[in-house]
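S.K.: First the structure, which I've put down as structure tokens, then a few questions once you've had a look.
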Amino acid sequence: MKILFAAACAISLLVPAFAASAKSTDRNEPMTIDAGTQSGTLVGDGKTTLSQGVVVTQGTLDLRSADAEIYMKDGEAVRAVFTGKQAKLKQQLDDGSWMDASADRIDYDIKAEVLTMTGNYQVKSARGTNAGQKMTYNTRTGEMNSGGDGTRVRTVIQPKNKTAAPAAPAAKTTVPTPGSKK
24 MKILFAAACA ISLLVPAFAA SAKSTDRNEP MTIDAGTQSG TLVGDGKTTL SQGVVVTQGT
84 LDLRSADAEI YMKDGEAVRA VFTGKQAKLK QQLDDGSWMD ASADRIDYDI KAEVLTMTGN
144 YQVKSARGTN AGQKMTYNTR TGEMNSGGDG TRVRTVIQPK NKTAAPAAPA AKTTVPTPGS
204 KK
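Just so we're on the same page, the numbering used here is the position in the sequence shown counted from 1, plus 23.
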């Protein structure tokens, strides 16, 4: 199931000026889905409902929500929805830094490759933050839309790291020698 990895990739690209992406080797790791209850089908057409604390891990990806729904069409996952106050996602990026995201609802349309985060969403990384009430991100085109519904969006971009200035030379100290007056 590549759904969660794709969602993590999409979220990692949300913060403006993001040069890194979700850890590419994670997609080759086994995915573990742990929940208090699971009902439905992961084959054919239908929906699987996960509840009572959902934890999804795959490599460095760690996604946690109160509940989740996975929608199937012709035996393939076509949509995944994670809900809770708040659904949280954490993943290491290829550059070694970490990305954290949270929202009341994380909805990933796998076929359209569109991720929608609603309800006090926030994406944080070493590069900056992006937060608001609703954000839609097309993972195929890179187009991001947020705000415009009467709510504000806040983006903070951190400055690029600059090489540290050389330290000032240490002051010379004289060590008194035996018989000196110091």
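For every residue, glycine included, the Cβ atom is placed at its ideal position computed from N, Cα and C. These figures come from a predicted structure and were not determined experimentally.
Are the beta-carbon atoms of Thr217 and Met95 separated by less than 8 Å?
M.R.: The requested residue 217 is not part of the displayed model; the chain covers only 24 to 205.
S.K.: CB-CB under 6 Å to Asn168, same chain, minus the five flanking residues each way: which ones, in chain order?
M.R.: Closer than 6 Å at Cβ, skipping near neighbours: Thr159.
S.K.: How many angstroms separate the CA atom of Ser74 from the CA atom of Arg87?
M.R.: 11 Å
S.K.: Around the Cβ of Gly67, are there at least 16 other Cβ atoms within 10 angstroms (buried) or fewer (exposed)?
M.R.: Gly67 is exposed by the Cβ-count criterion.
S.K.: Is Asp172 near Lys183, with beta carbons less than 8 Å apart?
M.R.: Contact flag unset, no.
S.K.: Leaving out five residues before and five after Thr174 in sequence, what residues of the same chain have Cβ atoms less than 8 Å from its Cβ?
M.R.: Gly155, Gln156 and Lys157
S.K.: Can you find the residues in the same chain that come closer than 6 Å, C-beta to C-beta, to Val176, ignoring five residues on each side of it along the sequence?
M.R.: Within the same chain, Val176 has close Cβ partners Gly155, Ser169 and Gly170.
S.K.: Got a sec? Which residues, its chain only, sit under 6 Å from Arg128 by beta carbon, not counting five neighbours each side?
M.R.: Correct list, in chain order: Thr106, Thr141 and Gly142.
S.K.: Count the other CB atoms within 10 Å of the CB of Thr71; is the residue buried (16 or more) or exposed (fewer)?
M.R.: Result: buried.
S.K.: In or out: Gly119 buried (at least 16 other Cβ within 10 Å) or exposed?
M.R.: exposed
S.K.: With H, G and I counted as helix, E and B as strand and the rest as coil, what does DSSP make of Thr164?
M.R.: Thr164 falls in the coil class under three-state DSSP.
S.K.: Which first and last residues belong to the beta strand (DSSP E) in which Ser120 is found?
M.R.: No beta strand (DSSP E) contains Ser120, which DSSP labels as neither H nor E.
S.K.: Quick test of your reading: Asp123 and Leu84, contact by CB under 8 Å. State the CB separation rounded to the nearest angstrom.
M.R.: That pair is no contact at about 12 Å.
S.K.: Considering Gly63, what are the terminal residues of the beta strand (DSSP E) in which it resides?
M.R.: Thr60 to Gly63
S.K.: Applying the 10 Å Cβ sphere with the 16-neighbour rule, what's the burial state of Ala29?
M.R.: Any reading at Ala29 needs caution, since the residue's pLDDT is 45, under 50, leaving its predicted position unreliable; the model's value is listed next. By the neighbour-count rule (16 or more Cβ atoms within 10 Å), Ala29 is buried.
S.K.: Go to Arg175, then tell me how far its beta strand (DSSP E) extends in each direction, as first and last residue.
M.R.: Segment: none, Arg175 is in no beta strand (DSSP E) and carries neither H nor E.
S.K.: At 3 residues or longer, and completely inside the segment 54 to 95: list those beta strand (DSSP E) runs for me, N to C.
M.R.: 54 to 57, 60 to 63, 69 to 74, 77 to 81 and 84 to 88
S.K.: Going by DSSP in three states, Asp228 sits in which element: helix, strand or coil?
M.R.: Lying before the first or after the last residue shown, residue 228 is absent from the chain, which here runs from 24 to 205.
S.K.: Please report the Cβ distance between Val104 and Ala91, rounded to the nearest whole angstrom; I am assuming they are in contact, meaning their Cβ atoms lie under 8 Å.
M.R.: That belief holds up - the Cβ atoms of Val104 and Ala91 are roughly 7 Å apart, short of 8 Å.
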